[in-house]
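Residue numbers (this note's numbering), protein chains in the order written: chain A, 1 to 91; chain B, 1001 to 1152.
Beneath this line is the structure, given in structure tokens, with notes to follow.
Spelled out as structure tokens, the structure:
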């Protein structure tokens, strides 16, 4: 099943997987399903988490380790900061 | 904010940062300079958004200096949330010459990208704020922020 939204309400996830909203909320509260809490009773579940919950494959995150090159990485970071400082300030 | 970290602590922190973003997208984690005296940890994810946005960029960069063998001190950070298409932006930075400060760009006032007063934040605090901005799906709102004196 293709997931077309970026974020899902618990009731939407419940409909997708054939469970009740209360069950989905209990999974969220138990930490079994990751959700972004917007208020006491409002949650949004990212598409990636819904896909995982439904057993769909998700692309793995990538880890890159470069043991050397720290100074060059700092220079690149500082270049960005310098460009930011040069931006005109609106009045 | 962050005390000096051992190699082990920093590796755990790196894994935790990757896990934050892995919840919402296939993230990229880059660790550069572990054998140097200066080290940069960068975690990035482009996350799909619902209309009116297409994507959200989450980008967390931390610079560490080696203060003793196997011991690292956080010296600079850049925690960024950007809505795509631009220009919506919220960011927390610590770097010279301004020290700790924030950025905020309200898409309804796209020509303003001022530096705002900020308190020192941990990446996990910034991530919580950015997640809520992302999930609300509304334009970034800069109301209530105080510009740094130099920008007035």
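Glycine included, every Cβ here is placed at the ideal spot set by N, Cα and C.
This structure is a prediction, so every number in the text was calculated from the model and none was measured.
Proximal residues to residue 1121(B) (C-beta, below 6 Å), its chain only, five neighbours per side dropped: If we look at residue 1121(B) and ignore the five residues flanking it on each side, its Cβ neighbours are 1092.
Residues near residue 48(A) in its chain [Cβ-Cβ closer than 6 Å; skip 5 each side]: 58
Identified DSSP bridge partners for residue 1074(B): 1064(B)
C-alpha distance - residue 36(A) paired with residue 1118(B), whole-angstrom precision: Spanning the two alpha carbons is a distance of roughly 24 Å.
Given residue 66(A) as reference, the closest of 1032(B), 1023(B), 1138(B) and 1005(B) once Cα atoms are compared: 1032(B)
Beta-carbon spacing of residue 13(A), residue 50(A) below 7 Å: yes
Residue range of the alpha helix (DSSP H) that includes residue 1014(B): DSSP places residue 1014(B) in the uninterrupted alpha helix (DSSP H) bounded by 1007-1022.
Close Cβ partners of residue 1037(B) (< 7 Å) along its chain, the five nearest in sequence each way excluded: 1065 and 1066
CA-to-CA distance, residue 32(A) to residue 1083(B), given in whole angstroms: 28 Å
When 1144(B), 1007(B), 1079(B) and 1149(B) are compared against residue 1021(B), the one with the closest alpha-carbon: 1079(B)
Identity of the residues DSSP links to residue 1059(B) by a beta bridge: 1044(B) and 1080(B)
Cβ contact check for the stretch 1123-1138 of chain B and the stretch 1102-1109 of chain B: 3 or more pairs under 8 Å: no
Residue 7(A) - DSSP class collapsed to helix/strand/coil: Residue 7(A) sits in a strand when the DSSP states are folded into three classes.
Residues in the stretch 29-46 of chain A having any Cβ partner in chain B nearer than 7 Å: Contacts with chain B (Cβ-Cβ distance below 7 Å) from the stretch 29-46 of chain A involve 34, 36, 38, 44 and 46, listed in chain order.
Chain B contact for residue 48(A) (CB, 7 Å cutoff): yes
The stretch 1120-1147 of chain B: positions lying closer than 8 Å to chain A by Cβ: Answer in chain order: 1131, 1132, 1134, 1135, 1136 and 1137.
For residue 1116(B) and residue 1089(B), the rounded distance between their alpha carbons: 13 Å
Neighbour flag for residue 1095(B) against chain A, beta carbons, 7 Å: Residue contact check for residue 1095(B) against chain A: a CB pair falls below 7 Å.
Residue 66(A): first and last residue of the uninterrupted beta strand (DSSP E) it sits in: For residue 66(A), the enclosing beta strand (DSSP E) stretches over residues 62-66.
Of the listed residues 11(A), 69(A), 19(A) and 54(A), nearest to residue 41(A) (C-alpha basis): 11(A)
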